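In our numbering, the protein residues as written are 95 to 244.
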Amino acid sequence: MSERVNLGKSAPALYQTVLELERLASEALAAAGIAKGFSHLLRLRASQINQCAFCIRMHTRDALASGESSDRVAVIAAWEETAYFTPKERAALELVEAITLVSEEQVPDMVYAQAAANLSPEEVSAIEWLAIVINTWNRIAIASRYPVTA
Numbered sequence: 095m096s097e098r099v100n101l102g103k104s105a106p107a108l109y110q111t112v113l114e115l116e117r118l119a120s121e122a123l124a125a126a127g128i129a130k131g132f133s134h135l136l137r138l139r140a141s142q143i144n145q146c147a148f149c150i151r152m153h154t155r156d157a158l159a160s161g162e163s164s165d166r167v168a169v170i171a172a173w174e175e176t177a178y179f180t181p182k183e184r185a186a187l188e189l190v191e192a193i194t195l196v197s198e199e200q201v202p203d204m205v206y207a208q209a210a211a212n213l214s215p216e217e218v219s220a221i222e223w224l225a226i227v228i229n230t231w232n233r234i235a236i237a238s239r240y241p242v243t244a
């Protein structure tokens with residue numbers, strides 16, 4: 095495998111701007127009352143869909159360090175088949191997945207309606223921004239081939 099341009103090093107001002115976007119999105123999540131651990135599960139799920147090994151490892155560790163149970167982390171890829179998540183969390187997961195898979199069906203009206211029925215406008219906004227930011231990070235890490243070694 096040939097070495098890739100590290101986007102963080104090649105364009106530090108752009109990278110710092112994404113870091114600032116991450117900080118602001120995290121503030122919005124906290125202000126909306128979304129638990130830090132669950133926010134890492136949302137990031138983890140988007141990273142799984144995008145197959146970003148670097149972010150999968152990081153957000154698995156972050157979710158566990160933030161108090162998420164190993165069971166919830168373990169089943170996040172199949173969350174729909176479990177009883178581990180509340181209706182509110184399920185709506186958030188569905189919204190993050192739809193935004194991550196935006197090229198397939200945009201964000202279906204049914205998904206948005208479910209989110210709006212279970213989440214406050216502040217929560218919807220914070221979750222949408224989280225999805226936008228983690229998808230940006232996934233693309234940076236994947237394009238740069240950030241190393242994931244044992």
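Backbone N, C-alpha and C define an ideal beta-carbon position, used for all residues, glycine too.
Note that the structure is a prediction, hence the values are computed from the model and not measured.
M204: buried (16+ other C-beta within 10 angstroms of its C-beta) or exposed?
Per the 10 Å Cβ criterion, exposed.
Could you give the C-beta distance for A157 and V169, rounded to a whole number, given that I count them as a contact under 8 Å?
That pair is no contact at about 12 Å.
Nearest-angstrom Cα distance between E175 and R184?
If you take the alpha carbons of E175 and R184, they lie about 11 Å apart.
Among residues of its own chain, excluding the 5 on either side of F179, which ones have a beta-carbon nearer than 8 Å to its beta-carbon?
Only R166, W173 and L187 meet the Cβ criterion.
Consult DSSP for I170 and reduce its assignment to one of helix, strand or coil.
The answer is helix: DSSP assigns I170 an H, G or I state.
Give, in chain order, every unbroken run of the alpha helix (DSSP H) that is at least 4 residues long and sits entirely within the stretch 149-230.
Within the stretch 149-230, the complete alpha helix (DSSP H) runs of at least 4 residues are 164-169, 181-194, 196-199 and 203-212.
Alpha carbon of C149 to alpha carbon of Y206, nearest angstrom
So the two alpha carbons sit approximately 26 Å from each other.
Residue range of the unbroken alpha helix (DSSP H) whose run includes V242:
Taken as a continuous stretch (DSSP letters only), V242 belongs to no alpha helix (DSSP H), as it is neither H nor E.
Flag this pair as touching only if the stretch 134-146 and the stretch 225-240 have three or more C-beta atom pairs under 8 Å; answer yes or no.
Segments in contact, yes.
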